[in-house]
Amino acid sequence: MGPQRSSARARSRRSESKSSRNSPATFSKASARTSAYDRNFEQHLIDHQIYRNNRAAKPDNWADINLRMTQPRASLSPSKFSEEPFEKFQKISESALTEAKVMNTAFPIILGSDATDIPSEQSLLVNNLKALPDETVVDAKPDFYEGSELEKIHPEIRESLSSTIIPSTLRHAPCLPNFFMEAKCPDGSAAVAKRQACYDGAFGARAMTSMRQYRQPPILDHKALSITTTFHDSCLRLYTTHITDLGSEDGPRYHMTQLRSFAMTDTVETFREGASALRNARDWAMEQREQVISTANMAVGMDDSRTSASKSAFEGDASTEGGPQPSKGRNLAAPNQSAQP
1 MGPQRSSARA RSRRSESKSS RNSPATFSKA SARTSAYDRN FEQHLIDHQI YRNNRAAKPD
61 NWADINLRMT QPRASLSPSK FSEEPFEKFQ KISESALTEA KVMNTAFPII LGSDATDIPS
121 EQSLLVNNLK ALPDETVVDA KPDFYEGSEL EKIHPEIRES LSSTIIPSTL RHAPCLPNFF
181 MEAKCPDGSA AVAKRQACYD GAFGARAMTS MRQYRQPPIL DHKALSITTT FHDSCLRLYT
241 THITDLGSED GPRYHMTQLR SFAMTDTVET FREGASALRN ARDWAMEQRE QVISTANMAV
301 GMDDSRTSAS KSAFEGDAST EGGPQPSKGR NLAAPNQSAQ P
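If you read the sequence shown in UniProt numbering, its first letter stands for residue 1, the second for the next number, and so on.
The following block contains the structure:
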């Protein structure tokens with residue numbers, strides 16, 4: 001009897017284990033989420049109309065952005081950035097063994113000494129934005145991003161667009177992100193960096209588009225307002241991300257398109273060209289943020305002004321047509337009684 005009961009219990013446990021493995025309820029939300037480190041991540045984005053390096057759908061302002069990136073920078077002139085600092089960069093970039101080392105030593109040299117003038121954050125979890133494309137994807141965590149101060153945006157807009165323009169529950173973090181960097185050490189994966197950049201860029205494009213169309217007519221152009229960059233094994237790449245098919249039944253389409261690439265340890269001339277492109281792209285991204293913020297704030301301000309004017313006109317008409325008006329201290333519910341102290 002003993003061995004038979006033991007064998008029956010074992011068969012029962014195996015049956016329950018198999019049943020639980022096949023049950024959808026046993027899969028937690030966390031275990032089902034995918035990330036850029038999964039090979040099927042890009043296909044998941046494509047299935048939801050987020051396309052990586054889609055050269056067939058360049059933004060309308062692709063050439064203008066490229067032209068802007070070629071502008072010379074005084075801080076990178078031969079007298080300011082010579083062979084000596086370039087050789088130092090070569091050594092730092094080629095010897096960095098971790099992603100953190102790349103971000104803390106090599107990337108700041110490319111970014112420049114004046115990089116602190118733009119609000120930025122590193123490795124901040126994007127946990128306040130509406131899921132993109134859906135909740136089966138982990139929250140983004142860009143190695144670096146730049147945005148604007150929240151106080152620059154009208155409170156009404158902050159409240160209305162919170163889930164698309166405020167990336168973190170830490171409200172003092174920069175909002176309206178549209179410039180991103182994803183870095184990898186030499187042993188890291190370039191494919192992962194590109195997938196991360198594609199994901200970041202979609203958030204940036206959505207944020208900028210939502211701000212741009214706030215209380216505005218429908219957007220008919222296909223301009224890029226977001227920049228993403230990758231740095232892997234001393235190679236710098238810059239991309240734009242823009243949206244098409246706004247308002248369509250199938251939903252918007254996100255397109256990431258490469259702008260330029262640079263082998264940053266090749267020659268000092270190549271470094272100057274690549275660093276100039278990156279710094280100009282940062283300035284351009286900041287200008288786009290300032291423009292859409294100004295336009296949205298102005299739209300809210302104009303509506304507030306119209307509301308105030310209409311209210312004043314209504315109160316003026318009421319005062320002339322209705323005779324003496326009750327004082328602020330009078331009980332309007334009982335006009336024949338004096339207000340109680």
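Ideal placement from N, C-alpha and C gives every residue a C-beta, glycine not left out.
What residue from the options has the CA that sits closest to residue i's CA?
i	options	result
Ala131	Pro174, Arg68, Tyr199	Tyr199
Ile65	Ala285, Thr295, Ser294	Ala285
Leu246	Thr228, Cys235, Leu225, Pro218	Pro218
Glu42	Phe107, Pro174, Ala202, Cys185	Ala202
Look up residue i in the DSSP assignment and say whether it is helix, strand or coil.
i	result
residue 356	The requested residue 356 does not occur in the structure, where the chain is confined to residues 1 to 341.
Gln258	strand
Met181	strand
Val137	strand
Thr265	coil
Ala313	Low per-residue confidence applies at Ala313: pLDDT is 48, beneath 50, and the placement is therefore not dependable, though the value from the model is reported in the following sentence. It is helical.
Thr240	strand
Glu94	helix
Thr169	coil
Glu249	coil
Ser79	coil
Ser35	coil
Leu45	helix
Sorted by chain position, which residues of the same chain lie with C-beta nearer than 6 Å to residue i's C-beta, five sequence neighbours on each side aside?
i	result
Asp187	none
Val126	Asp139, Ala140, Pro167
Pro78	none
Tyr51	His255
Pro142	Phe180, Asp200
Asp233	Pro186
What residues in its chain sit with their C-beta under 7 Å from that of residue i, if we drop five residues either side in the sequence?
i	result
Thr169	Asn127, Asn128
Thr105	Ile92, Ala96
Thr98	Cys185
Gln213	Ile219
Using a Cβ-Cβ cut-off of 8 Å (strictly less than) and excluding sequence neighbours within five positions of residue i, which residues of its own chain qualify?
i	result
Asp221	Asp60
Assuming residue i contacts residue j under a Cβ cut-off of 8 Å, what Cβ separation, rounded to an integer in Å, is found between them?
i	j	result
Thr230	Ala193	4 Å
Thr241	Leu259	Wrong, their Cβ atoms sit about 11 Å apart, outside the cutoff.
Ala263	Cys235	6 Å
Q. Can we say the stretch 268-278 touches the stretch 246-255, given the rule of at least three CB pairs closer than 8 Å?
A. Judged by Cβ distances under 8 Å, the stretch 268-278 makes no contact with the stretch 246-255, as fewer than three pairs qualify.
Q. Would the stretch 157-177 and the stretch 72-89 be scored as touching if the rule is three or more Cβ pairs under 8 Å?
A. Segments in contact, no.
Q) Does the stretch 192-208 come within contact of the stretch 148-157, defined as at least 3 CB pairs closer than 8 Å? A) In short, these stretches do not touch, since the Cβ pair count stays below three.
Q: Pair every Cβ in the stretch 101-118 with every Cβ in the stretch 277-284, then say whether three or more of these pairs are closer than 8 Å.
A: The answer is yes - the stretch 277-284 touches the stretch 101-118, with three or more Cβ pairs under 8 Å.
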